[in-house]
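Protein chains in written order, with the UniProt record's numbering: chain A, 1 to 460; chain B, 1 to 418. The structure appears below as structure tokens.
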């Protein structure tokens, strides 16, 4: 039985290897070697052996059993998780179609797995996509809900590249910056993903090998699309004997939730649109009222109309700010969760594939046993031996398949539990913040109209 | 105001009436207040006491109370339709004796087309939405219909009140017939030929207007008024259009709150976690806040948009008065020239003299009454704007405070739970 010390040493050396690879290659930005995901701290084994060390450099109590691991993770889900991520200072690098936006990623943490307590690096959008791609390839197929990265936008980015300095491209950059921030915050909140060396490298390393395989029209991109299509077809043909009603129930629930969220999202998007329209129309009215005030030949009324114009101008500003809140708090929350639920559905699909693999192994084992029986009847000693070998091989595969299936089922149960808790917290926090923004708007409105009322009364 | 519509809307309309009794009184105050000096004059009081909305027409019950000897009774009512109001208005316009007055603008035609179309579309789409959503939208559209209805009643009423308050127009015979004759006036709408004639008349008038207004007025007062009215009219037109658009956006946003509330409700009833209560409470909030936002939009429409629209029409009527005066001035000047010519030729001098005197009298009469009318117009305008702007501010404050309280109460509950 390994002591935790030895286990740690192995992990550390693996990590060192990965870091070395990066520093060797980064000057030339050689993508081929180091863009591959570094060896994962295999998720199936207790990764939280390396529990977040907070005060001292020494290890916390070794945990080898699942129960304790769960406890530690629950504790970790509370306030023991001390890491804050900020994405800021978008900066355009380069010119023309090769230009890109670089974002500053700042980490503030007291977790001692990081070498410093506060540090920042520059990353571009494809780096984020690369990170997600690595995490997804390591953790999705074993049942972890990996937060999806923000979506690509060819139109949006082209405008920025071409150098249009208008408000729509500034909006686009801000929208992306906020989305990247939320993406990272969600990823680090996941106790397992936080342990991943690729994530740490992303946050800490000053140079990161460029992830080229994330380009939409690259060879890898097209391969991904083909695989996705194949997956979709496969999903339709897998008929799983669901022995566990929990999974069926949950899948249905997520399906319903998905539908409802999409509907709500559409309504909120409409609200954002109308609010912006209202803002524009209020501004137009304000100007018109000012003109009317100018041509009014009764002095007091003229003044009051000018005041009205000023009030409406201020209200226009309010509408703009409210539309901002409508979008960044409410609308984006919903669209994030719509994509998260797609990731959850993906994880359920992986479980189905896992089951299929196990099922296939069982069928193959049966065939091998039949072959053995045939060989025994035909009395061919060397073929019998071969058959026996193959049977052993496939028995092991069946066992592994069963273990994998059980493991992924267990992981999914836990992940869904964590996801639901996060969802509830997220929604409550953001919606309360949104309502507070509405409160602020009303308070400002009261101030403005209270200031105007005496002006109106003063018309004589 | 009783509002009954054709088949399918009857009972529902009655329900809608109970929703907010103060709606009617505020509206009444609002539009009547556009002309503040129309208040209690015991000699002649006119109002629209009832109205019936049928498929393609509205029937107004015009109720009169008068101590004047011209009428057979002291109090009586008749039923009139929109076309009869227009007939009355046109008879004023065409009457030469009234050339020196601002003729109260005619009320716009009752237009329920848009509202009816929406209700029809809703009926067609009934299958594609939940029962709750359908009921909500139906209530909304019915309230909208009712609001348009109340507005048209108020606008017809204001027209009659303006006439009743005017010292000269109130004595008009056609007006008395309109008020008293309890049979159908058999006034048909203008046929195509007449409408075409009107069109050409208006064209000529505006072409004329360009020529006539080129003449600089000797009188400073009228010169100032002309400059002022031309600019003011255009600016009021612009402000009225922009105000309209603003109120409509406001209403769209309020409608979105409705849908958001419904979605949140669905989420709240279906969710498997303890966030259900949360969603239901927020859904309730959106439903309530939506009602307030809809009222804000309606009140802005009333106090701002309608005010501006009314003064758009009134300033046009004032412009028309100026035009008529200018016309009579041109006639006067032409008569002068004709007289000079006649005297030079020594032919038909008497005729020319009489004609010139008539023109002079007409011009002076118009100028005198026009001056008073324009001064009154300003007084009315200032008073109306004051009243409406004050009421607008007070209502905005009331609604914002209501909204604020709703939000704060909801937040207290939500924060207490979590």
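Every residue, glycine too, gets a C-beta built ideally from N, C-alpha and C. On a predicted model such as this, the values are computed, not experimentally measured, just so you know.
A contact is defined here as three or more CB-CB pairs under 8 Å, and the stretch 289-300 of chain A fails this definition with respect to the stretch 364-376 of chain B.
Straight-line spacing of the CA atoms in residue 184 of chain B and residue 150 of chain B works out to 23 Å. Around the C-beta of residue 301 of chain A, 16 or more other C-beta atoms lie within 10 Å, and the residue is accordingly described as buried. Three or more Cβ pairs drawn from the stretch 253-265 of chain B and the stretch 259-271 of chain A lie within less than 8 Å of each other, which places the two stretches in contact. Short of 7 Å from the beta carbon of residue 91 of chain B, and not among the five residues preceding or following it, lie these beta carbons of its own chain, in chain order: 174. By the Cβ criterion, the stretch 138-153 of chain A is in contact with the stretch 336-343 of chain A, since at least three pairs of Cβ atoms, one from each stretch, lie closer than 8 Å. If you look at residue 320 of chain A, you'll find it in the alpha helix (DSSP H) that goes 299-325. Spanning the alpha carbons of residue 319 of chain B and residue 446 of chain A requires a straight line of approximately 39 Å. Per the coordinates, the alpha-carbon of residue 107 of chain B lies some 15 Å from the alpha-carbon of residue 164 of chain B. Contact annotation: in the UniProt domain "PX" (38-185) of chain B, no residue has its CB less than 9 Å from a CB in chain A. Restricting attention to B/282, B/259, B/350 and B/146, the CA atom closest to the CA of residue 271 of chain A is found in B/259.
A buried status is given to residue 322 of chain A, since no fewer than 16 other beta-carbon atoms sit within 10 Å of its beta-carbon. Residues of chain A with a Cβ closer than 7 Å to the Cβ of residue 345 of chain B do not exist; the shortest Cβ-Cβ separation is about 47 Å.
When DSSP assignments are scanned along the stretch 274-333 of chain B, the uninterrupted stretches of alpha helix (DSSP H) that are 4 or more residues long and fall wholly within it turn out to be 276-300.
Per DSSP, residue 149 of chain A lies in no alpha helix (DSSP H) segment and is marked neither H nor E. For residue 304 of chain A, the nearest beta carbon of chain B is closer than 8 Å to its own beta carbon. Rounded to the nearest whole angstrom, the C-alpha separation of residue 411 of chain B and residue 371 of chain B is 59 Å. A contact between stretches requires three or more CB pairs, one per stretch, nearer than 8 Å, and the stretch 49-61 of chain B meets this requirement with the stretch 137-155 of chain B. Following the DSSP letters along the chain, one finds residue 347 of chain A inside the alpha helix (DSSP H) bounded by residues 332-378. At a cut-off of 8 Å, the C-beta of residue 349 of chain A has no neighbouring C-beta in chain B.
Here the alpha carbons of residue 172 of chain A and residue 156 of chain A stand approximately 6 Å from one another. Contact between residue 202 of chain A and residue 307 of chain A does not hold, since their C-beta atoms are separated by about 54 Å, which reaches or exceeds 8 Å. The continuous stretches of beta strand (DSSP E) do not include residue 89 of chain B, which lies in the alpha helix (DSSP H) extending over residues 82-94. The stretch 65-85 of chain B makes no contact with the stretch 285-293 of chain B, as fewer than three CB pairs between them are under 8 Å.
Within the UniProt domain "PX" (81-210) of chain A, the runs of beta strand (DSSP E) that reach at least 3 residues and sit entirely inside it are, in chain order, 83-93, 100-109 and 118-124. A Cβ of chain A is located within less than 8 Å of the beta carbon of residue 408 of chain B. The C-beta distance from residue 278 of chain B to residue 414 of chain B rounds to 6 Å, short enough to meet the 8 Å contact threshold. For residue 284 of chain A, at least one C-beta of chain B is nearer than 8 Å to its own C-beta. Its chain contains 86 and 120 as the residues whose beta carbon lies nearer than 6 Å to that of residue 106 of chain A, once the 5 sequence neighbours on both sides are disregarded; these appear in chain order. The C-alpha of residue 393 of chain A lies about 33 Å from the C-alpha of residue 193 of chain A. Contiguous alpha helix (DSSP H) elements confined to the UniProt domain "PX" (38-185) of chain B occur at 82-94, 113-124, 131-165 and 173-180, taking only those with 4 or more residues. Each residue's CA atom was taken as its position, placing residue 320 of chain A and residue 442 of chain A some 14 Å apart. A direct Cα-to-Cα measurement between residue 132 of chain A and residue 403 of chain A gives close to 27 Å. Separation of residue 138 of chain B and residue 127 of chain B (C-alpha to C-alpha, rounded to the nearest whole angstrom) is 13 Å.
The three-state reading of DSSP puts residue 241 of chain A in coil, since its state is none of H, G, I, E or B. The beta-carbon distance between residue 229 of chain B and residue 315 of chain B, rounded to whole angstroms, is 6 Å. This is short enough to meet the 8 Å contact definition.
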